[in-house]
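Visitor: Structure provided below as C-alpha cells; questions to follow.
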Amino acid sequence: MGKSLLSYILPAAFACLLTGCSSLPAVQTETTPSAPETSVPETTMPETAPTEPSPATELPSETEPDAVSVELEEMTLDEKLCQMFVVTPEALTGDAPVTDCGDALIQALQTYPVGGLIFFSDNLVTVPQTQAMLSGVQEAVPDAPGLLLCVDEEGGSVARAAKTLGTAAASPMAEYGKRGDRAEAVMVGETLGTSLHTLGFNVDFAPVADVDLCSGNELGDRIFSSDPDVTARMVAGVTEGLTNCGVAATLKHFPGLGAENGNAHTDAKITIDRTLAQLREAEFVPFRSGIDAGAAFVMVSHQTVTGVGDDLPASVSPTVCTTLLREELAFSGIIITDSFQMETICGRYDAGEAAVLSVEAGADIVLMPEDLDAALTGMREAVRSGRLTEERIDESVMRILEEKETLGLLR
C-alpha cells in the first residue's frame, strides 16, 4: 500500500468567507400631534391635497436580464461555436510546446475565442512560469468570456502539475479506494484543488468514475474500486473537494470504461459488451453520485456499448449523451467529449463531421478536435444548412456561460 495522503499534502490554508445579512435599522418617523377636536361645519372643511403614491405602492420595474443572457445575446454565431471547443495552445499557434502567453497565442485567441485550453506536462516548466502563462491567456481577449483552463490532475500516474512542478501529489486512486473513506477522498480533492487553483487552473479532468470490471481496461489503478458503491463514495468526495476550492470537477469516462478491453488512443473501434441493466447496476452508480455531489462536467468516452443499440462511439451517440446522461441521470451540466484526436474518432470521421455528430448527440464541448478549422467549418455549415439550429447551439453555449459565471469568468 502507498503512503498516506498526509505525506503528500503541502500545507494549505482554506478560508471560507461567510457573509451575513444584517437587518436594516427601523426608520424613525415623527408623529404629528393630533389636533384638538373642533366642531367645524362640513362646508368649511379644507379639501384634501392629492398625495403622491409611496414607493411601496409603485409597480416594480422590469427585471434586468441576467449576465449570461446578455453575454449570449451579444455573441456572433462564430463566437458561439468557438466556445464549444477546448483545445491545446499548440493547436492555435502551431508551435510546440507553448510555455508562455506570447503574441502568437494572443493573436490566435483573438481569432479563435475558444471556450477553453487544455495544458499538458510540456506546457508546465515552473510554478511562476505556469502562473504567468495562465493569467496571461485569461487576459488575452478581454472582451470575451474568460477561458476554461483545464488539466488532467487525477493523482497517481496522471498528474501533470505534481510530476512536473512538484505541487501537491496524491497516490493512485485505487489506494484510497481500498480504504473507502469518503472524508479522505474530500481531502484528496481539496489537496489537488488548492494546488490547481493557485496555479490558475479552473477545471480538472478528474475524478475517474469508472468501475474496475475488466483487468484488460486501459485505466488500471486510476480506478478507485471494482465495487460500484465504494467508487461512488470516493468519486463524490473528490468532486466535493475540488469544488470547495473553486475548481470544476469532471466525471469520466461515461458511460464507463471499466469493462473494456482495449485502448481508445490506438484502436479504431472498441466494443464493450454490457446491457443497459448492467450499466445501471454498476457503471451508472458512481456517475449518479458525482452528479449529486455537484460535478460541473461529465466526459463521454468513444467506446461503443452493445446495450445502447446504435453501434456508435458513445461521444456521438444521442442515446448515450441525451437519453441516458441528460435525461435518465438528470445531468444538467456540461457534457464534454474525450479527446477527438483518439483513433476511435479520427480514424472513423473527419473533424467536421465528428464535431457535428457530437453536438447532434447532445455534447456541449468537443475536446481537442483533430483540426479546429475543419471542425468549426463543419459546425458553421451545419447551422447554415439547418442540420443544426442556432437554438441548439445556444443551449450548449448557455450551459458553458453559466459555468463560467460560477467560476467568475464573465467579464
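So the sequence shown is numbered by the working numbering: it starts at 244 and just counts up by one. Cβ atoms here follow ideal geometry from the backbone N, Cα and C, with glycine treated the same way.
Which same chain residues end up closer than 6 angstroms to G590 when comparing Cβ atoms and leaving out the 5 residues on each side of it in sequence?
Guide: A511
Visitor: Does DSSP put T620 in a helix, in a strand, or in coil?
Guide: helix
Visitor: Could you check what DSSP says for C393 in three-state terms: helix, strand or coil?
Guide: strand
Visitor: Could you tell me the distance, in whole angstroms, from the CA atom of D470 to the CA atom of V370?
Guide: When the Cα atoms are used, D470 and V370 turn out to be separated by approximately 37 angstroms.
Visitor: So L442 and T373 are supposed to be a Cβ contact under 8 angstroms. How far apart are they, rounded?
Guide: 5 angstroms
Visitor: Looking only at its own chain, which residues have a Cβ that is under 7 angstroms from the Cβ of H545, when we skip the five neighbours before and after it?
Guide: A507, P556, A557, S558, D581, M585, T587, I588
Visitor: T331: which of T319, G398, S364, A310 sits nearest, CA to CA?
Guide: S364
Visitor: Is it true that the stretch 531–550 meets the stretch 623–634, where meeting means three or more beta-carbon pairs spaced less than 8 angstroms apart?
Guide: no
Visitor: Quick one, are the C-beta atoms of E570 and L320 less than 8 angstroms apart?
Guide: Their beta carbons are not under 8 angstroms apart, which means E570 does not touch L320 by this criterion.
Visitor: Whole angstroms is fine: what's the gap from G420's alpha carbon to R654's?
Guide: 40 angstroms
Visitor: Label D607 either buried or exposed according to how many other C-beta atoms from any shown protein chain fall within 10 Å of its C-beta, with 16 as the threshold for buried.
Guide: So D607 counts as buried.
Visitor: So who's on the other strand from K495, going by DSSP bridges?
Guide: In the DSSP output, where bridge partners are listed per residue, K495 has V451, M542.
Visitor: Taking the straight line between their C-alpha atoms, what separation do you get for L367 and V341?
Guide: 9 angstroms
Visitor: Could you pull the DSSP bridge partners for V429 from this structure?
Guide: DSSP, once it has assigned bridges, lists no residue as partnering V429.
Visitor: Please work out which residues of its chain come closer than 8 angstroms, Cβ to Cβ, to V599, disregarding the five sequence neighbours upstream and downstream, and give them in chain order.
Guide: G621, M622, A625, R630, L631
Visitor: Just the Cα atoms here: how many angstroms apart are L352 and R635?
Guide: If you take the alpha carbons of L352 and R635, they lie about 24 angstroms apart.
Visitor: With distance defined between alpha-carbon atoms, name the residue in I579, T562, G398, A411 nearest to Q326.
Guide: I579
Visitor: Comparing C-alpha positions only, which one of T474, R403, L377, P561 sits nearest to F530?
Guide: The shortest C-alpha separation from F530 is found at T474.
Visitor: G345 by DSSP, collapsed to three states: which one?
Guide: coil
Visitor: Check V446 in the structure and name its three-state DSSP category.
Guide: strand
Visitor: Leaving out the 5 sequence neighbours to the left and right, which residues in its chain are closer than 6 angstroms to D553 when beta-carbon positions are compared?
Guide: S560, T562
Visitor: Consult DSSP for F530 and reduce its assignment to one of helix, strand or coil.
Guide: helix
Visitor: How long is the line joining the alpha carbons of G605 and T565, rounded to whole angstroms?
Guide: G605 and T565: Cα-Cα distance of roughly 5 angstroms.
Visitor: I'd like the span of the beta strand (DSSP E) that includes L360, first residue to last.
Guide: 359–362
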